[in-house]
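Using the working numbering, read the sequence shown as starting at 752 and increasing by one per residue.
Backbone N, C-alpha and C define an ideal beta-carbon position, used for all residues, glycine too.
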Amino acid sequence: FAGQVVAALVAGNTVAAKPAEQTPVVARRFVARAMLGGILTLMAVSAFGGGIYGLFGAPEVPTAWLAGSPFDSYVVPSLVLLIVVGGSQAAAAVAVFGKSRWASPLSALAGAILLGWIVAEVIFIGYVSWLQPAMAIMM
Numbered sequence: 752f753a754g755q756v757v758a759a760l761v762a763g764n765t766v767a768a769k770p771a772e773q774t775p776v777v778a779r780r781f782v783a784r785a786m787l788g789g790i791l792t793l794m795a796v797s798a799f800g801g802g803i804y805g806l807f808g809a810p811e812v813p814t815a816w817l818a819g820s821p822f823d824s825y826v827v828p829s830l831v832l833l834i835v836v837g838g839s840q841a842a843a844a845v846a847v848f849g850k851s852r853w854a855s856p857l858s859a860l861a862g863a864i865l866l867g868w869i870v871a872e873v874i875f876i877g878y879v880s881w882l883q884p885a886m887a888i889m890m
């Protein structure tokens with residue numbers, strides 16, 4: 752199944768995988784792994800992008816938002832976003848796609864870290880973007 756899907760995608764075709772009652776367990780696991788790995792990868796890319804943007808000064812983000820936080824610039828929060836949040840998401844994605852026995856615990860840990868980041872963000876700067884609940888729902 753996986754080989755057929757990959758071959759179809761490489762050939763430029765659209766693939767719809769719909770698990771049914773008679774679908775083998777392997778196919779269901781493949782679809783679940785692809786979905787979870789894809790979400791983790793999206794979250795990692797988002798965190799890496801946000802972290803890098805913050806390290807370059809986050810020109811479109813008001814520093815006034817930091818007034819209620821222990822930070823006077825976006826450097827430290829950006830490093831946390833880049834390394835801790837993005838790194839945990841990336842590590843979990845690699846584990847999922849690599850079929851590691853650590854995939855489940857790493858994915859749960861990455862989700863908890865992301866949720867902690869969002870809660871801290873809302874506590875310190877408040878609700879400022881639709882991305883905050885959207886990312887919380889995706890995890």
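{"Query": "Where T765 falls: helix, strand or coil (DSSP)", "Result": "coil"}
{"Query": "Straight-line gap, S829 to E772 (C-alpha atoms, nearest Å)", "Result": "46 Å"}
{"Query": "Interface flag, A753 vs chain B, CB-CB below 8 Å", "Result": "The structure shown contains no chain B, having only a single protein chain."}
{"Query": "Three-way DSSP call (helix, strand, coil) for G808 in this model", "Result": "coil"}
{"Query": "Contact belief for A893 with L866 at Cβ below 8 Å, rounded distance in angstroms", "Result": "Within the shown structure, residues of the chain are numbered from 752 to 890, placing residue 893 beyond reach of any answer."}
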